[in-house]
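Peer 1:
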Amino acid sequence: HVRTDAIYGEAANDFEAYWADAAGNLDWITPWKTVLDWTPPHAKWFLGGQLNVSANCVDRHVRGANRNKAAIIWEGEPDSANKPGEERVITYQQLHREVCRFANVLKRNGLKKGDRAIIYLPMVPEAAIAMLACVRIGAVHSVVFGGFSAQSVADRIFDCQAKLVITSDGGFRRGSVVQLKKNVDDALTIKDAQGNLLAKTIEKVIVLRRAGNEIHIEESRDVWWHRELEYVSADCPAEKM
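Here it is, written out as structure tokens:
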């Protein structure tokens, strides 16, 4: 967006007007009343405004010519012989459908506005879909790197008091399978020094089928991503935030 150095002078001259103009390119559910309320060190931007980041990332592109353009271009990890991995191209229209469907899966499994979810997935498009789906319903997501341990997962669940974990049976890394679901299972059994479960707030675990490895499914707690999609529609209005 910075085509010439003049834009820096424009922003410095009246930064509130500059950011108001930039914000005008977004879709607002309710327009803001005040651009900035700044009482150092605290700042509040676009007071009175309501929007949804998921709708701005996806929905506004679906309404125009971008609907059939690529939103995500993904290539999986090379195999052990260094052959190129899988390839997937997801258009904005397809992404909108998958985000809405998974948002409804989250609601079906008890997640609501203000709740927290842990996302512990490999580098697959479903990671972005899960993030956008959380934002769509007003839930807070905490992304945990797939290379982190069960202890790290448990610590992050405890830290944000997460209600749900989104994970995968496994992920591919350097030719081998990373046991992500096993790490989650272990995380849910870890206790603190006083003998209290760190992850006692977790009610549901949603599992993406990725590596096809054998995993344990805990009845009433664990559900498969692909099976849950069978019970939901692709209609999910974005929450006002």
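Here the sequence shown stands for residues 70 to 310, numbered as in our numbering. All C-beta atoms in this analysis are idealised placements derived from N, C-alpha and C, irrespective of residue type, glycine included.
Measure how close the beta-carbons of I275 and N178 come, nearest whole angstrom, since I'm counting them as under 8 Å.
Peer 2: About 7 Å separates the two Cβ atoms, so the contact holds.
Peer 1: Could you name each continuous beta strand (DSSP E) segment of 3 residues or more that falls completely within the stretch 77 to 108, going from the start of the chain to the end?
Peer 2: 103 to 108, all fully within the stretch 77 to 108.
Peer 1: Ends of the beta strand (DSSP E) at Y189?
Peer 2: That run of the beta strand (DSSP E) goes R185 to Y189.
Peer 1: Just verifying my parser: in three-state terms, what is the DSSP assignment at R170?
Peer 2: In the structure shown, R170 sits in a helix (DSSP, three-state: H, G or I).
Peer 1: Quick one: Cα of N137 to Cα of L164, how far?
Peer 2: Their Cα atoms are separated by approximately 10 Å.
Peer 1: Verify the contact flag: R177, CB atom, against every heavy atom of the ligand NAD, threshold strictly below 6 Å.
Peer 2: Summarising the ligand content, the structure contains no ligands, and the ligand NAD is consequently not present.
Peer 1: If you reduce the DSSP assignment to three classes, tell me which class Q119 lands in.
Peer 2: Strand at Q119.
Peer 1: Starting from V204, follow the alpha helix (DSSP H) in both directions and report where the run begins and ends.
Peer 2: Here the alpha helix (DSSP H) through V204 covers P194 to I206.
Peer 1: K309 lies in the alpha helix (DSSP H); which residues open and close that run?
Peer 2: From DSSP, K309 is part of no alpha helix (DSSP H); its letter is neither H nor E.
Peer 1: Could you check where the beta strand (DSSP E) with K251 kicks off and where it finishes?
Peer 2: Note, K251: premise wrong, no beta strand (DSSP E); alpha helix (DSSP H) at L249 to A256.
Peer 1: Distance, Cα to Cα, F84 vs E146?
Peer 2: Distance between the alpha carbons of F84 and E146: 43 Å.
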